[in-house]
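Enquirer: Residue numbers (my numbering): 187 to 845. Below are the structure tokens for one structure; questions will follow.
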């Protein structure tokens, strides 16, 4: 698994299309310095007023942003090999702008609003230069198509930043534009260069002729060497700089840095595989798992202390390169094993790889990282199934428990998933086929068809905000069938929506929670392993839930999941045709798109106002924004707001569509 049989392309900054071009002018750093000087004067003039605390915070954030910028760009003007690390500086500057805004709300100088706008404008100018250079490079021969798509998407975001009136909004959208293209230069991996099947099955090292033929694809860099460089020379150095710049986050960053040092040996061994013995399959798998642990720790640090988006993008490309080696490129890759194409575990790995790579190229770094962090069990099981040799210490079986245990204590299914179905039926002989009897299928002659059935769910779900519960009511007789307490930290349930399976999604105004409750006990999970489902029932059949018929907080096993996607006050929920949940957060003026199986965040879209009601018609979500008095239109397939109109009335609440 460790020796590339042929090579894809993982390209570090400047190695494919030449050295990056220097920026013509540095807009951001002078603006930081001028703003810091202005804040010092305002703090002195304020002489201890309440608003000066936030000005002190703003000054600190901007000073740290300047330190980041200086260490990453050699003073700010050089584009050489450092442009990919602007993210941490831009995000820290945004925190400074936020503090200035809070200072104004506490009685600080109103003139700060103009300062905030100017700093946001300078961030836009800096990112605009970056996109101009990338536009030229993405048009050069050899640049992949997705580069052009990434730059185009970033330019749309930058145009939206220019249209914003507030400095904070300008800066955030400009930083989002930068994030959209942040990982273009440090790595490029082209699926089109996968090894052809007949070449994969050849044994031994590539011949000189094979190397020469592969070189015709462009200036190809060895995948594993590039991977080691990404981790050791990119992410490791950047985190070391951040540790010395951001003292508040040093303890957590120390943990990440230590983990990277620990994986240094395996990375170096992989990078030297042509010079001698490389990693065996077990060592490679353990090294992969260690890299994923680094990503997991980076995710935990993200946001509160530093912006790690670009580091995660770097590492994300690196991990997908490792996956591709094990699936496609090694001398004993998965595709060389008999019957791999009908193995659900292999199919899961291949699908996750393709989808994750698409997400990385599309700028959806968080989604891609969620995908492979959750896929560790698949990697371990693939190793144990295809490469492990229990008779040898070198290829001993890897313990699956740390990687294959779900949050509720159960073990993942055959596809390596906690919450998704994984059913496979295989007929080995004609007799097996003729005698087959499987739920939901009908076998006749040489054909198998899916069975059909219909069912009704006569239930109404009512949010009892004052009691902090949700009731399930039978609409045939009006009887209350169950009453469910909201999870800890979630209060004032208000909005409800029913998904395609009849389960209810509840939006809570307190705690920013979105909760899913199962309609059928068969979909509930026996989390305490007592052999039954503990849930609310009308035990005495009197049509009302009373006393012990309602379980204590956290005890009801029909609460399927609780999601806190970001922001507070969930005041609208809706379900799209793919059963994804759309939750509108009043505080952040955003909609979060959540996965139906576990509530993880799939996308975030600006609502253009404070959401209060939502309805979905086809692939369009319509949002009535009470705060701001606007009506928003959001495409649920592309995750983009496609329209925003001011309505000639105020205090809009609900919204519906005709058939």
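For every residue, glycine included, the Cβ atom is placed at its ideal position computed from N, Cα and C.
Span of the alpha helix (DSSP H) holding residue 645?
Expert: From DSSP, residue 645 is part of no alpha helix (DSSP H) but of the beta strand (DSSP E) over 645-650.
Enquirer: Output needed for residue 299: all residues of its chain with C-beta closer than 6 angstroms, excluding positions within five of it in sequence on either side, in chain order.
Expert: Excluding sequence neighbours, residue 299 sits near nothing in its chain.
Enquirer: Rank 240, 357, 322 by C-alpha distance to the C-alpha of residue 214 and give the top, closest one.
Expert: Checking every option, the nearest Cα to that of residue 214 belongs to 357.
Enquirer: Tell me the rounded alpha-carbon separation between residue 483 and residue 642.
Expert: The alpha-carbon atoms of residue 483 and residue 642 are separated by roughly 45 angstroms.
Enquirer: What's the call for residue 471, buried or exposed, on a 16-neighbour Cβ count within 10 Å?
Expert: Buried, by the Cβ-count rule.
Enquirer: Are there 16 or more other CB atoms within 10 angstroms of the CB of residue 747, so buried, or fewer, so exposed?
Expert: Buried, by the Cβ-count rule.
Enquirer: Within the same chain, show all residues whose beta-carbon is closer than 7 angstroms to that of residue 307, passing over the 5 residues directly before and after it, in chain order.
Expert: The answer, listed in chain order, is 356.
Enquirer: If you count every other CB in all the chains shown that lies within 10 Å of the CB of residue 297, and 16 or more means buried, which is it?
Expert: Exposed, by the Cβ-count rule.
Enquirer: May I ask you to report which of helix, strand or coil DSSP gives residue 286?
Expert: Of the three classes helix, strand and coil, the one that applies to residue 286 here is helix, per DSSP.
Enquirer: So what does residue 771 bridge to, in DSSP terms?
Expert: Partner(s): 756, 776.
Enquirer: Among the residues of its own chain, which have a CB less than 6 angstroms from the CB of residue 508, if the five just before and after it don't count?
Expert: So the list reads 474, once near-sequence residues are dropped.
Enquirer: According to DSSP, what are the bridge partners of residue 791?
Expert: Residue 791 is bridged to 777.
Enquirer: Should residue 279 and residue 311 be called a contact, given that it needs their Cβ atoms to be closer than 8 angstroms?
Expert: Going by C-beta atoms, residue 279 is not nearer than 8 angstroms to residue 311.
Enquirer: Three or more C-beta pairs closer than 8 angstroms, one from the stretch 713-733 and one from the stretch 675-683: is that the case here?
Expert: Contact between the stretch 713-733 and the stretch 675-683 is absent, because fewer than three Cβ pairs lie under 8 angstroms.
Enquirer: Assuming residue 694 contacts residue 756 under a Cβ cut-off of 8 angstroms, what Cβ separation, rounded to an integer in Å, is found between them?
Expert: Right, their Cβ atoms sit about 6 angstroms apart.
Enquirer: CA-CA distance, residue 579 and residue 573?
Expert: Answer to the nearest angstrom: the Cα atoms are 13 angstroms apart.
Enquirer: Can you tell me which of 844, 289, 788 puts its alpha carbon nearest to the alpha carbon of residue 825?
Expert: Taking only the C-alpha atoms, the option nearest residue 825 is 788.
Enquirer: If you count every other CB in all the chains shown that lies within 10 Å of the CB of residue 448, and 16 or more means buried, which is it?
Expert: The residue in question, residue 448, is exposed, as its Cβ has fewer than 16 Cβ neighbours within 10 Å.
Enquirer: Can you grab the Cα-Cα spacing for the pair residue 303 / residue 350, in whole Å?
Expert: Looking at the two C-alpha atoms, the distance is approximately 9 angstroms.
Enquirer: With which residues is residue 688 paired in a DSSP beta bridge?
Expert: Answer is none; residue 688 lacks a bridge partner.
Enquirer: Would residue 752 and residue 778 qualify as a contact pair, given that the criterion is a beta-carbon distance under 8 angstroms?
Expert: Yes. Within cutoff.
Enquirer: Does the beta carbon of residue 272 sit closer than 8 angstroms to a beta carbon anywhere in chain C?
Expert: Among the chains of the structure shown, chain C does not appear; only one protein chain is present.
Enquirer: What three-state label does DSSP hand residue 565 in the structure shown?
Expert: Reduced to three states, the DSSP call for residue 565 is helix.
Enquirer: Let me know the secondary structure DSSP gives residue 832 once reduced to three states.
Expert: The answer is strand: DSSP assigns residue 832 an E or B state.
Enquirer: Could you spell out where the alpha helix (DSSP H) holding residue 221 opens and where it closes?
Expert: Residue 221 -> alpha helix (DSSP H) spans 214-232.
Enquirer: Residue range of the alpha helix (DSSP H) that residue 555 falls in?
Expert: Per DSSP, residue 555 belongs to the alpha helix (DSSP H) from 551-559.
Enquirer: With a threshold of 8 angstroms, are at least 3 pairs of Cβ atoms found where one atom belongs to the stretch 728-746 and the other to the stretch 755-772?
Expert: No, because fewer than three Cβ pairs between the stretch 728-746 and the stretch 755-772 fall closer than 8 angstroms, the two stretches do not touch.
Enquirer: When you compare only the Cα positions, how much space is there between residue 361 and residue 801?
Expert: Distance between the alpha carbons of residue 361 and residue 801 is about 31 angstroms.
Enquirer: Buried or exposed: residue 662, going by 16 or more other Cβ atoms within 10 Å of its Cβ?
Expert: Exposed: under 16 other Cβ atoms inside 10 Å.
Enquirer: Starting from residue 797, trace the beta strand (DSSP E) both ways and give me its first and last residue.
Expert: Element bounds for residue 797: 796-803.
Enquirer: So, at 7 angstroms on beta carbons, what are the nonlocal neighbours of residue 321 in its own chain, with the 5 sequence-adjacent residues on each side left out?
Expert: Same-chain partners within the cutoff: 337.
Enquirer: Suppose the cutoff is 6 angstroms on Cβ atoms and the five residues either side in sequence are ignored; what does the same chain contact list for residue 675 look like?
Expert: Within the same chain, residue 675 has close Cβ partners 697.
Enquirer: Could you give the C-beta distance for residue 760 and residue 807, rounded to a whole number, given that I count them as a contact under 8 angstroms?
Expert: That belief holds up - the Cβ atoms of residue 760 and residue 807 are roughly 6 angstroms apart, short of 8 angstroms.
Enquirer: Would you mind working out which of 671, 685, 790, 597 sits nearest residue 712, comparing C-alpha positions?
Expert: Minimum Cα distance to residue 712 is reached at 597.
Enquirer: Look up residue 670 in the DSSP assignment and give the residues it is bridged to.
Expert: Note: residue 670 sits in a beta bridge opposite 656.
Enquirer: Just to confirm, is the Cβ distance from residue 773 to residue 809 under 8 angstroms?
Expert: Contact: no.
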